[in-house]
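Quick note, the sequences are listed as chains G and B, same order. Throughout, the working numbering is defined as the position within the first sequence, counted from one, plus 664. Throughout, the working numbering is defined as the position within the second sequence, counted from one, plus 10. Note that beta-carbon positions come from the ideal geometry of N, C-alpha and C, so glycine has one too. First the structure, in the form of structure tokens, and then the observations on it.
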Amino acid sequence: MDKGQFLVEALIGLLLVILLALSIFVVFNTIPNVLRYSEESLISFHLNLNYQNILNGISRENFSKFDELIENVEYYFVPTSTGFDIQEGKEEINVRGEKYYVWFQVLKEAIDNDPTRKLLGIFVQTPSFLYNTKLILTRWNMKVFLQENWTIPNTIGPLNVATVNGYYSTKTPNVEATSGKIWLP
Amino acid sequence: MLKQHQERFGYHNKGFTAIEFILYIGIISFILLLTIAIFYAIIFYTGEYYDKTLLRNDTFKILQKIYYNNTYCSSTEISGNSIKFIFNDGSYERMFASGTTLYIENPNGSDRFLSDKLYLTSFNVSTSGKFINIYMKLENKRRTQFYSLTSTIYRWGF
Chain G
665 MDKGQFLVEA LIGLLLVILL ALSIFVVFNT IPNVLRYSEE SLISFHLNLN YQNILNGISR
725 ENFSKFDELI ENVEYYFVPT STGFDIQEGK EEINVRGEKY YVWFQVLKEA IDNDPTRKLL
785 GIFVQTPSFL YNTKLILTRW NMKVFLQENW TIPNTIGPLN VATVNGYYST KTPNVEATSG
845 KIWLP
Chain B
11 MLKQHQERFG YHNKGFTAIE FILYIGIISF ILLLTIAIFY AIIFYTGEYY DKTLLRNDTF
71 KILQKIYYNN TYCSSTEISG NSIKFIFNDG SYERMFASGT TLYIENPNGS DRFLSDKLYL
131 TSFNVSTSGK FINIYMKLEN KRRTQFYSLT STIYRWGF
């Protein structure tokens, strides 16, 4: 065997060993990590949107619940037969032996000193990352928001009682709701 | 002594000794076995990864459909294993489980919404107050991997 032939064979052998080592690394290290992060992001997406939906629901049904919460304290939801209760702490979720935590915080009790607008943060802790989403909740009434005949109310105006549904009205101090007149917030 | 050793173990111009040959076969067998094991593992894990990716993608697709529809629908109707999202223009989308798969139905008809390489083993829709909980469990065909989760949505009902 001459020198040249030996060198070429050694080079090809080395190349094959490097290729094998690379493929082993990719298959047993890179791809599992990619899939793991992908799975974690899916669970994070799912938990995050669940919390967004619950927060939106509570914001619409009973916004004053958020007034009782303390800024920068961790809270989580406990399911009940009629909805969800808010409790202090983090919710622990076990997915195939891996622990995930989800919670929310009131980051700002009043945006621009307006307590009817609050900034909340939803946090999901996966085994690898901490995901954080911000959400602004407003004390608004979606039922009124989507009405076709909505106008910005700034005065007491006459209304046809037959077209008025109960939930469009709220009691306002110092305003007497007489027949045919109603205060829109 | 050295000469004797060289005669016994040294290279011979005419061919291999029995020990050299056995050693050669042993080394080659070991390398072959290792290579086969590595390739088998690569093929096995590629299948596992494929199933995992499929499960992840289909779960994401279903979740996204639920959350998206819930944002834009004007009302919902539910039964034990189906949920119907009704939109403002009168159209609708109904997700329902039948057998081991998930279907989606709209005014134009119904179609499969889950890959035929996956099983849907649970799809339960329940309510708690103004919230809807959808519990689902997806499995791969070999039943080696699964996703089970509960999706919570708020019943807007405009």
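8 angstroms Cβ cutoff, residue 814 (chain G) in contact with chain B: Confidence at residue 814 (chain G) is low in this model, with a pLDDT of 48, below 50, so its placement is unreliable and no value can be given for it.
Beta carbon of residue 164 (chain B) nearer than 8 angstroms to that of residue 720 (chain G): For residue 164 (chain B) and residue 720 (chain G), yes; Cβs fall inside 8 angstroms.
Any chain B beta carbon closer than 8 angstroms to residue 691 (chain G): For residue 691 (chain G), the answer is yes, since a Cβ of chain B falls inside 8 angstroms of its Cβ.
Endpoints, alpha helix (DSSP H) assigned at residue 57 (chain B): Here the alpha helix (DSSP H) through residue 57 (chain B) covers 28-82.
Coarse secondary structure for residue 738 (chain G), derived from DSSP in three states: The three-state secondary structure of residue 738 (chain G), taken from DSSP, is coil.
Interface residues of chain G facing residue 109 (chain B) [CB-CB closer than 7 angstroms]: Identification of chain G residues near residue 109 (chain B) by a Cβ-Cβ cut-off of 7 angstroms yields none; the smallest Cβ-Cβ distance measures about 25 angstroms.
Short Cβ contact (8 angstroms threshold) for residue 786 (chain G) with residue 736 (chain G): Not a contact, by the Cβ cut-off of 8 angstroms.
Anticipated Cβ contact below 8 angstroms, residue 63 (chain B) with residue 157 (chain B), distance rounded: Contact check for residue 63 (chain B) and residue 157 (chain B): beta-carbon distance about 12 angstroms, past the 8 angstroms limit, so the pair fails to qualify.
Short CB-CB distance (under 8 angstroms) between residue 758 (chain G) and chain B: Chain B, which has no Cβ nearer than 8 angstroms to the Cβ of residue 758 (chain G), makes this no.
Helix, strand or coil at residue 122 (chain B) [DSSP, three-state]: Residue 122 (chain B): strand per DSSP, three-state reduction.
Burial state of residue 66 (chain B) (16 or more Cβ within 10 Å): Counting of Cβ neighbours within 10 angstroms places residue 66 (chain B) among the buried residues, the total reaching 16 or more.
Residue-level contact to chain B via CB, residue 721 (chain G), 8 angstroms cutoff: Judged by the 8 angstroms Cβ criterion, residue 721 (chain G) is in contact with chain B.
Residue(s) in a DSSP beta bridge with residue 751 (chain G): Paired residues: G:740.
Cβ-based neighbour list, residue 145 (chain B), same chain, cut-off 7 angstroms, excluding 5 preceding and 5 following: Non-local beta-carbon contacts of residue 145 (chain B) in its own chain, meaning distances under 7 angstroms to residues more than five positions away in sequence, involve 132, 134, 160 in chain order.
DSSP bridge partner residues for residue 767 (chain G) (one or two, in chain order): Looking at the DSSP assignment, residue 767 (chain G) forms a beta bridge with G:787.
Cut-off 6 angstroms between Cβ atoms - residues of its own chain near residue 755 (chain G), not counting five sequence neighbours on either side: Cβ within range, chain order: 740, 766.
Min CB distance residue 88 (chain B) to chain G below 8 angstroms: For residue 88 (chain B), the answer is no, since every Cβ of chain G falls outside 8 angstroms of its Cβ.
Extent of the continuous beta strand (DSSP E) run through residue 703 (chain G): No beta strand (DSSP E) holds residue 703 (chain G); the alpha helix (DSSP H) holding it covers 695-725.
C-beta neighbour in chain B for residue 791 (chain G), strict 8 angstroms: So, not an interface residue.
Cross-strand partners of residue 772 (chain G) (DSSP beta bridge): The partner list for residue 772 (chain G) (beta bridge, DSSP) reads G:783.
Beta bridge counterpart(s) of residue 88 (chain B) as assigned by DSSP: B:93, per the DSSP bridge assignment.
Integer Cβ distance of residue 708 (chain G) from residue 790 (chain G), believed to fall under 8 angstroms: Yes, they are in contact, since the Cβ atoms of residue 708 (chain G) and residue 790 (chain G) sit about 6 angstroms apart, within 8 angstroms.
Buried versus exposed, by CB contacts within 10 Å (16 or more), residue 788 (chain G): With 16 or more other Cβ atoms from the protein chains shown falling within 10 Å of its own Cβ, residue 788 (chain G) counts as buried.
Neighbourhood of residue 797 (chain G) by C-beta distance below 6 angstroms, restricted to the same chain and skipping five residues each side: Counting only Cβ-Cβ distances below 6 angstroms, and skipping sequence neighbours, we find 712, 786.
Delimiting residues of the beta strand (DSSP E) encompassing residue 159 (chain B): 156-164 is the span of the beta strand (DSSP E), which, as asked, contains residue 159 (chain B).
Proximity winner among B:59, B:52, B:103, relative to residue 122 (chain B) (alpha-carbon distances): The residue with the shortest Cα to Cα distance from residue 122 (chain B) is B:103.
Identified DSSP bridge partners for residue 802 (chain G): In DSSP, residue 802 (chain G) forms a bridge with G:781.
Where residue 687 (chain G) sits in the DSSP three-state scheme: Residue 687 (chain G) sits in a helix when the DSSP states are folded into three classes.
Residue 148 (chain B), DSSP secondary structure in three states: Correct three-state label for residue 148 (chain B): strand.
Pairwise C-alpha distance: residue 771 (chain G) and residue 782 (chain G): Residue 782 (chain G) and residue 771 (chain G) have their alpha carbons spaced roughly 8 angstroms apart.
Whole-number beta carbon distance between residue 142 (chain B) and residue 86 (chain B), since they are thought to touch under 8 angstroms: Confirmed, Cβ separation roughly 7 angstroms.
Length of the line joining the Cα atoms of residue 50 (chain B) and residue 40 (chain B): Going from the Cα of residue 50 (chain B) to the Cα of residue 40 (chain B) covers about 15 angstroms.
Own chain partners of residue 117 (chain B) with C-beta closer than 8 angstroms, once the 5 adjacent residues on each side are dropped: Closer than 8 angstroms at Cβ, skipping near neighbours: 101, 102.
Reduced DSSP secondary structure (H/G/I, E/B, other) of residue 141 (chain B): For residue 141 (chain B), the secondary structure class from DSSP, reduced to helix, strand or coil, is strand.
Chain G residues whose Cβ lies nearer than 8 angstroms to that of residue 92 (chain B): The premise fails here: residue 92 (chain B) is roughly 19 angstroms from chain G at the closest Cβ pair, so nothing lies under 8 angstroms.
The segment 739-750 of chain G: positions lying closer than 8 angstroms to chain B by Cβ: Per Cβ criterion, the list reads 743, 744, 745, 746, 747, 748.
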